[in-house]
Amino acid sequence: MEKSKTISGRKTLLKICLAALFGALTAAGTFISIPVPVSPVPIVLQNLFALLSGLILGPFLGGAAVGLYLLAGAIGVPVFAGAVGGIAHFAGPTGGFLFGYLLAAVVGGLIAGRPRVAKAAPLWRIICAAVLGLLAIYVPGVIWLKFSRNLNWAQALAGGFIPFVIGDAIKAVVAIIAAPRLRRAVADHLEG
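In this note's numbering, the protein residues as written are 1140 to 1331.
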């Protein structure tokens, strides 16, 4: 009985550490923020790490990781694009994208499934998870950008989607390549 509690405690601690690690990686993505002349939305790496959180950790832990990142930003830690923080950023032009990060982790994690040692997710599933995870960022992001800036749909797409498609496609490929191996490593530790 005591050994079971110890193993359970270790797994819980590992899950907390993984969520904190991926939350920290998402926050670290703020240090690469490239302004886009036609948009109030910069090019960032946070979306890659939010997506990887779900693909690697699954929907619950991935969502927890991004939730920690968003909570840190909301209380003022400078983890949002441009190294800023504060709850007001959720109401700004990038607020929908911030919410989309959480959706990306959960949606991507639901599609990819929890990492398992005995049964790896097929590649097609990881690809679908990455593509739909990115869409889960863009949909609320573009909608919020449209309404927060009083733009028409063409302007919202031009400022919140079109400039980012190629870069985000590259990030999706990186996530698709990295996720299977990292999922196995996480599963080994969570199940072992």
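Yeah, the Cβ is synthetic: ideal placement off N, Cα and C, and Gly gets one too.
- It is roughly 17 Å from the alpha-carbon of GLY1224 to the alpha-carbon of ILE1182.
- With distances taken between CA atoms, PRO1319 lies nearest to PRO1261 out of VAL1278, PRO1261, PRO1302 and ALA1220.
- PHE1219 carries a strand assignment under DSSP once its states are collapsed to helix, strand and coil.
- Boundaries of the alpha helix (DSSP H) harbouring PHE1188: 1185 to 1213, taken from the DSSP string.
- With fewer than 16 other Cβ atoms from the protein chains shown falling within 10 Å of its own Cβ, GLY1215 counts as exposed.
- Here the region 1280 to 1294 lies against the region 1234 to 1245, with 3 or more beta-carbon pairs under 8 Å apart.
- Pairwise C-beta distances place the region 1289 to 1299 in contact with the region 1176 to 1195, as three or more of them are shorter than 8 Å.
- Counted as a single uninterrupted DSSP element, the stretch harbouring LEU1290 is not any alpha helix (DSSP H), since DSSP gives it neither H nor E.
- Around the C-beta of LYS1310, 16 or more other C-beta atoms lie within 10 Å, and the residue is accordingly described as buried.
- One alpha carbon belongs to ASP1307, the other to GLY1148, and they sit about 38 Å apart.
- The Cβ neighbour count for VAL1246, taken over all protein chains shown within 10 Å, is at least 16; the residue is labelled buried.
- Around the beta-carbon of PRO1254, 16 or more other beta-carbon atoms lie within 10 Å, marking it buried.
- The beta carbon of GLY1252 lies closer than 6 Å to those of ALA1260 in the same chain, with the five residues before and after it left out.
- Excluding residues up to 5 positions away in sequence, ILE1315 lie with their Cβ nearer than 6 Å to the Cβ of ILE1266 in the same chain.
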